[in-house]
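Input: a single structure, listed below in structure tokens.
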Amino acid sequence: MAYMSMGEAHRRITEYLNSFSDAVSSQDGASFKSLFALSSNAPSLLSLADALNIFQDANRLIKQSDNYSQFADILVPLFRSLQNYRQNNLLEAYNAFEKTANAFIQEFRNWESAWALEALYVIVYDVRVLAEKADKELASNGKSPEKLKGAGSVLMKVFGTLAGKGSKRVGALYLGTVNLCRSVIRSIETARIFDFEEFPKRDKVTYMYYTGRLEVFNENFSAADYKLSYALKYCNPQSSANIRMILKHLIPVKLSIGILPKSSLLEKYNLLEYSNIVQALRRGDLRLLRRALQDHEDRFLRSGVYLVLEKLELQVYQRLVKKIYIIQKQKDPNRAHQVKLEVIVKALKWLEIDMDVDEVECIMAILIFKNLMKGYFAHKSKVVVLSKQDPFPKLNGKPQLIEDVIPIWQSSYNLGPVSSRS
Numbered sequence: 001m002a003y004m005s006m007g008e009a010h011r012r013i014t015e016y017l018n019s020f021s022d023a024v025s026s027q028d029g030a031s032f033k034s035l036f037a038l039s040s041n042a043p044s045l046l047s048l049a050d051a052l053n054i055f056q057d058a059n060r061l062i063k064q065s066d067n068y069s070q071f072a073d074i075l076v077p078l079f080r081s082l083q084n085y086r087q088n089n090l091l092e093a094y095n096a097f098e099k100t101a102n103a104f105i106q107e108f109r110n111w112e113s114a115w116a117l118e119a120l121y122v123i124v125y126d127v128r129v130l131a132e133k134a135d136k137e138l139a140s141n142g143k144s145p146e147k148l149k150g151a152g153s154v155l156m157k158v159f160g161t162l163a164g165k166g167s168k169r170v171g172a173l174y175l176g177t178v179n180l181c182r183s184v185i186r187s188i189e190t191a192r193i194f195d196f197e198e199f200p201k202r203d204k205v206t207y208m209y210y211t212g213r214l215e216v217f218n219e220n221f222s223a224a225d226y227k228l229s230y231a232l233k234y235c236n237p238q239s240s241a242n243i244r245m246i247l248k249h250l251i252p253v254k255l256s257i258g259i260l261p262k263s264s265l266l267e268k269y270n271l272l273e274y275s276n277i278v279q280a281l282r283r284g285d286l287r288l289l290r291r292a293l294q295d296h297e298d299r300f301l302r303s304g305v306y307l308v309l310e311k312l313e314l315q316v317y318q319r320l321v322k323k324i325y326i327i328q329k330q331k332d333p334n335r336a337h338q339v340k341l342e343v344i345v346k347a348l349k350w351l352e353i354d355m356d357v358d359e360v361e362c363i364m365a366i367l368i369f370k371n372l373m374k375g376y377f378a379h380k381s382k383v384v385v386l387s388k389q390d391p392f393p394k395l396n397g398k399p400q401l402i403e404d405v406i407p408i409w410q411s412s413y414n415l416g417p418v419s420s421r422s
């Protein structure tokens, strides 16, 4: 830090306070928001922090001026937070900034219009960022991380404020926390106070991405497919990183409804961890699927898609039986629909999967129950008798929903559906 005189420190603090007062008076939201962006490490705020560490009487400046005193509950803890953030005292920085956030929310409620909405977005963002940093500091000192929970309470206060009457409602769609997202989404979707199409495209994409991920978590794949496909369709085509984030969650959903990505897509967006899973589905290779899940277990767990991918085992079994059926059809078309369980056991043994006939019979029963196969058991002869018409139904079951999505994936993103031939 370069040398700064007492007079220069006083000047910089006064300059900041005047900027604050002027922004409020003129309702200049763009200028106002920059005054709260601690985590941005903006040179002006770093310089202000240095000035505050030299001039120790800033609180008196705030409380003695008619222009600033009414905002003392915002400014005093904000200055304290800025000083601590500059000195890397992250826990104290968060505690002070939380007080600023609560005071700002109260003041925001009193303003008739939503002119300070952008500043509120900045505060909400920094509440989360500072909470994460504070929790890391707590954890490193052997203490329980708890500040993100406190940040969640602040965000719910913000949501309650924005969901009220008037023009401030337009901000409510932007905000939420992971652990409280269900109640927030329910409030948004049941209130019927928004026209979703009126929101900026980038915010609609963000909303659909995160709610789509929640649908994946809840195993509501039709809703997840719609929301994540929407996010993919309208995502900025230049934002490769964002497209990759969407595809990380959309590909497992597509796999679960029988749509496989082409290898060129996986290569383009560096999603090669899905390559062997796709190959396993194409071949009916249970060994390859399990190996792929084991090799990339940590990555899939972090993405929250491991359980979705694990459930693809049933599709792999279906594909294996289908391959046996096709081979039998080439040899003896009249008896191709009769598949001996013993043949399936041998195929699995060739894949180094040890199962007895009873275990295979149980799996075949599940496939029939799940409508992945049409047929019945001839229990005494240990044979699966497949339907002569459409023995392997399509997985999606809702072509009208998928048709809206497939053109996007095939033309724009080079994806294709599972072929009915092998």
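Counting from 1, position 299 in the sequence shown corresponds to residue 299 in the numbering used here; the numbering is continuous, with no gaps. Don't be surprised by glycine CBs; every beta carbon is placed ideally from N, CA and C.
Requested in this report: Evaluate R12 with the Cβ neighbour count: other Cβ atoms within 10 Å of its Cβ, from every protein chain shown; 16 or more gives buried, anything less gives exposed.
Outcome: buried
Report task. State the CB to CB distance for the pair S303 and H249, rounded to an integer number of angstroms; the pair is presumed to be in contact (CB under 8 Å). Result -> 7 Å
Query raised in the report: Quick check: the region 197-213 against the region 232-248, are there 3 or more CB pairs under 8 Å?
Result: yes
Query - Straight-line gap, K254 to Q70 (C-alpha atoms, nearest Å) - result: 55 Å
Query raised in the report: Taking the alpha carbon of M156 as the point to measure from, which residue in K136, I105, L117 has its own alpha carbon closest?
Result: I105
Query raised in the report: Who are the near neighbours of F55 in its chain, counting only those whose CB is closer than 7 Å to its CB and skipping five residues on each side?
Result: M6, A9, H10, I13
Query raised in the report: Helix or strand or just coil, what does DSSP make of P448?
Result: Given a span of 1 to 422 for the chain in the structure shown, any question on residue 448 remains unanswerable.
Query raised in the report: Can N67 and S21 be called in contact, C-beta distance under 7 Å?
Result: yes
Query raised in the report: What residue ranges within the region 272-358 form continuous beta strand (DSSP E) runs of no fewer than 3 residues, ordered along the chain?
Result: 338-340
Query raised in the report: If we ignore side chains and look at the alpha-carbon of each, how far apart do S40 and L90 end up?
Result: 15 Å
Query raised in the report: Under a three-way DSSP split, which group does P257 fall into?
Result: One point to set straight first is that residue 257 is Ile, not Pro, in the sequence displayed. Here I257 sits in coil by DSSP.
Query raised in the report: Quick check: the region 264-282 against the region 219-226, are there 3 or more CB pairs under 8 Å?
Result: no
Query raised in the report: Just to confirm, are A103 and S81 a CB contact at a threshold of 7 Å?
Result: no
Query raised in the report: Taking the beta strand (DSSP E) that A378 falls in, what are its first and last residues?
Result: 375-378
Requested in this report: Quick one: give me the first and last residue of the alpha helix (DSSP H) that L148 is part of.
Outcome: 147-162
**Report entry** Nearest-angstrom Cα separation, counted from P77 out to T100
**Finding:** 6 Å
Query raised in the report: Per DSSP, L386 is paired with what?
Result: G375
Query raised in the report: Can you give the beta carbon distance from S264 to S275, rounded, assuming they're within the 8 Å contact cut?
Result: Going by Cβ atoms, the distance from S264 to S275 rounds to 11 Å, so no, they are not a contact pair.
Query raised in the report: Can you tell me the Cα-Cα spacing of E92 and Y3, whole angstroms?
Result: 26 Å
Query raised in the report: Helix, strand or coil: how does DSSP classify N102 here?
Result: helix
Query - Extent of the continuous alpha helix (DSSP H) run through S222 - result: 221-234
Report task. Quick one: using the 10 Å Cβ neighbour count with 16 as the cut-off for buried, is D390 buried or exposed? Result -> exposed
Report task. Let me know if P252 comes out buried or exposed under the rule of 16 or more other beta-carbons within 10 Å of its beta-carbon. Result -> buried
Query - Coarse secondary structure for M424, derived from DSSP in three states - result: With the chain covering 1 to 422 only, the question about residue 424 has no answer from this structure.
Query raised in the report: Out of D356, I353, L138, K322, which has the shortest C-alpha to C-alpha gap to S387?
Result: K322
**Report entry** Completely contained alpha helix (DSSP H) runs for the region 66-101, where each covers 4 or more residues
**Finding:** 72-86
Requested in this report: Would you please state the rounded distance, in angstroms, between the beta carbons of L272 and L247? I believe it to be under 8 Å.
Outcome: So it is not a contact: roughly 12 Å between Cβ atoms.
**Report entry** Contact belief for L374 with P393 at Cβ below 8 Å, rounded distance in angstroms
**Finding:** The residue asked about is misnamed: residue 374 is Lys in this sequence, not Leu. Their Cβ separation, rounded to whole angstroms, is 7 Å, which keeps K374 and P393 in contact under 8 Å.
Query raised in the report: If you compare alpha carbons, which of A134, V158, A139 is closest to K147?
Result: A134
Query - Range covered by the alpha helix (DSSP H) that runs through A131 - result: 117-140
Requested in this report: Find out if the Cβ-Cβ distance for the pair L120, Q83 is shorter than 7 Å.
Outcome: no
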